[in-house]
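Since the structure comes first, as structure tokens, the remarks are kept for the end.
In this note's numbering, the protein residues as written are 29 to 375.
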């Protein structure tokens with residue numbers, strides 16, 4: 029038997045026992061070490077659409093068993109495992125829309141990252157499971173997936189270029205990672221915006237050029253002051269609120285891009301001046317998750333130390349205290365990254 033953290037409703041996470049998954053000839057069994065908590069999994073409307081479920085899609089652990097048909101992976105390999113895997117052959121995959129692939133949407137880890145053991149299906153194993161180099165800890169491995177989401181957002185969706193003026197709205201964990209990756213890609217300046225002083229301070233500590241406290245400053249005016257009146261070339265809106273999205277539009281410059289990183293609750297409508305989009309040549313785009321090319325690049329970025337556990341982890345909880353970990357993320361206070369440590373002997 030093994031322990032899992034299963035969510036039944038927002039605020040209702042229970043530690044339960046269930047059998048260790050049995051693997052097939054093309055599968056692998058991973059003993060989980062750590063799993064990050066994604067901010068999206070603390071959105072009430074979002075998790076209620078999934079419940080009941082064993083959450084956790086930022087996992088890292090060690091392979092303890094492989095199926096008879098497996099080559100390339102062995103017990104003892106330390107790995108990051110993506111929770112979804114695309115087919116790599118359909119029209120959507122060929123166009124780079126991996127998270128829209130029907131196979132990607134249907135795939136999953138068994139039962140989820142917040143478990144002592146996880147069965148990795150053959151497709152996930154062959155398509156988007158990465159061995160971690162000896163120089164990286166398993167905690168670092170838990171940053172591959174969120175870093176890959178930043179790679180897709182900035183490089184493939186916003187098409188950021190070196191020298192772009194980048195504004196990140198919302199400096200929780202994904203805002204911090206987006207700012208670090210933007211700097212890595214040559215953004216200048218990197219402007220961080222939030223309403224929590226701790227998070228703005230952390231962003232400046234990690235290399236953001238300036239921070240904007242949106243409770244005390246007007247975002248567009250502050251960005252204009254930093255950019256000589258030109259506003260931002262790329263605006264990444266982290267919070268999934270219409271107010272944050274509208275603020276993002278106010279701060280984007282001519283020829284710029286506004287990227288919506290987090291969805292708003294279904295049914296909402298964003299008022300956009302279509303003439304403004306046209307006359308100022310503004311691009312509106314979104315970014316959902318990531319694909320195999322992004323996780324490969326993310327592993328390199330984590331390996332370079334641009335993003336890692338030492339910089340970003342502020343809270344750790346054992347599996348038994350998963351609910352407290354989720355509450356810490358949901359409170360959005362003086363925290364950046366929260367990890368669930370499932371097996372401290374590995375982590």
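Yeah, the Cβ is synthetic: ideal placement off N, Cα and C, and Gly gets one too. Remember, predicted model here, so these are calculated numbers, not experimental data.
Quick one: grab the DSSP three-state call for residue i.
i	result
residue 38	coil
residue 197	strand
residue 205	helix
residue 67	helix
residue 234	coil
residue 175	helix
residue 294	coil
residue 281	strand
residue 270	helix
residue 83	coil
residue 190	coil
residue 346	strand
Tell me the residue span of the beta strand (DSSP E) that contains residue i.
i	result
residue 163	Premise fails: residue 163 is in no beta strand (DSSP E) and is neither H nor E.
residue 313	311-314
residue 222	218-222
residue 260	260-265
Note down, in chain order, each residue of its chain lying with its Cβ closer than 6 Å to the Cβ of residue i, except the 5 sequence neighbours on either side.
i	result
residue 113	135, 151, 152, 155 and 156
residue 366	65, 343, 353, 356 and 357
residue 223	242 and 243
residue 238	219 and 254
residue 176	318, 322, 323 and 326
Suppose the cutoff is 7 Å on Cβ atoms and the five residues either side in sequence are ignored; what does the same chain contact list for residue i look like?
i	result
residue 382	Not covered by the structure: residue 382. The range shown for the chain is 29 to 375.
residue 82	32, 33, 34, 139, 140, 142 and 143
residue 172	108, 158, 323, 326, 327 and 330
residue 80	34, 35 and 36
residue 168	330, 336 and 337
residue 74	68
residue 280	259, 260, 263, 286 and 310
Bridge partners of residue i, per DSSP?
i	result
residue 89	60 and 107
residue 365	341
residue 356	Looking at the DSSP assignment, residue 356 forms no beta bridge with any residue, so it has no partner.
residue 45	31
residue 288	265 and 314
residue 242	In the DSSP output, where bridge partners are listed per residue, residue 242 has none listed.
Considering only residues of the same chain and omitting the five flanking positions on each side of residue i, which have a CB-CB separation below 8 Å?
i	result
residue 298	270, 273, 274 and 292
residue 364	200, 201, 204, 227, 230, 340, 341 and 342
Residue i lies in the alpha helix (DSSP H); which residues open and close that run?
i	result
residue 330	320-331
residue 305	302-307
residue 114	Counting along the chain, residue 114 falls outside any alpha helix (DSSP H), and DSSP gives it neither H nor E.
residue 254	247-254
residue 74	72-76
Start-end ranges of the alpha helix (DSSP H) lying completely within the region 120-159, minimum 4 residues:
130-134 and 150-156
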